[in-house]
Amino acid sequence: MTMTMTMTTEDVSAASATVSSRPRRSRVRTARLAIGAVALVLAAGDLIFKAVAEHNLNGERSVHLGVLDLRLGYNSGAAFNLGAGLPTWVVLAVTSVITVGVAVFAWRSAATASWPVLIGLAMVLAGAVGNLADRAGDGLVTDYLHTGWWPTFNLADVFITLGAITVALAVLREDMSHRRGR
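Position 41, counted from 1, in the sequence shown is what my numbering calls 926; the numbers after and before it change by one each time, with no gaps.
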């Protein structure tokens, strides 16, 4: 007995689309898990450091570490104390919208962005979540890193800054590679 199977062009296209979409879905799932895991671990680390700073740096106490001092401070505004005079609910609302925007952008970028971009976005998200969670309690963000020449900041601020720099450098590098034809 002989069986003959006829495949149309549509059948071949559908089969190849199914096969080629598996690695893409796996990559997207892996990227999204990585973004979430990195953001969660870094945000948790930030919140732990804030709690330790509040517990150990009460009052005017500061610890000198060379170029950096550990000194407790609070910030009612956003970055660089912007919006410090606004009602707490306004600052919370704006920072919540920004945090959700970063999360959505990172989630959607998982399919196409490079790993350095995704890790940078996870760092920005971690910093935004860490500061938002801290602010949600009393409307203030706990700062504890002081240079003497820059406003007091925290680990979440470092994550946001380094994450943004990582994204910018990765995008510039990718753009330069594409222009060179690589």
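Using N, Cα and C, we set each Cβ at its ideal position, and we do this for glycine too. Values in this document were obtained by computation on a predicted structure and should not be read as measured data.
query	result
C-alpha distance - G958 paired with D1042, whole-angstrom precision	14 Å
DSSP-derived helix/strand/coil call for V960	Residue identity differs from the one stated: residue 960 is Asn in this sequence, not Val. In this structure, N960 counts as strand in the three-state DSSP scheme.
Beta-carbon proximity check, V913 vs A995, cutoff 7 Å	yes
Same chain, Cβ closer than 7 Å to T1051, neighbours up to 5 away in sequence not counted	P1001, I1004, G1005 and M1008
Straight-line Cα distance separating L953 from W992	35 Å
Cβ neighbour criterion (16 or more within 10 Å) applied to H949	exposed
Where H1063 falls, given that 16 or more other Cβ within 10 Å makes a residue buried	exposed
Cβ-Cβ separation, R1020 to G984 (assumed contact under 8 Å), whole Å	For clarity, residue 984 is Thr in the given sequence; the question names Gly instead. Contact doesn't hold; Cβ gap of about 10 Å is too wide.
L971 (DSSP reduced to helix, strand or coil)	coil
Burial state of V897, where buried means 16 or more other Cβ atoms lie within 10 Å	Residue placement at V897 is poorly supported in this model, since its pLDDT is 47, which falls under 50; the coordinates still yield a value, given next. Looking at its Cβ environment, which holds fewer than 16 other Cβ atoms inside 10 Å, V897 is exposed.
Backbone secondary structure at V952 - three-state DSSP	coil
Per-residue burial, V982 [other beta carbons within 10 Å of its own, 16 or more giving buried]	exposed
Cα-Cα separation between N941 and L1047, rounded to whole angstroms	26 Å
CA nearest to the CA of R917, picked from R946, A998 and D1060	A998
Under the three-state DSSP convention, the category L942 falls into	coil
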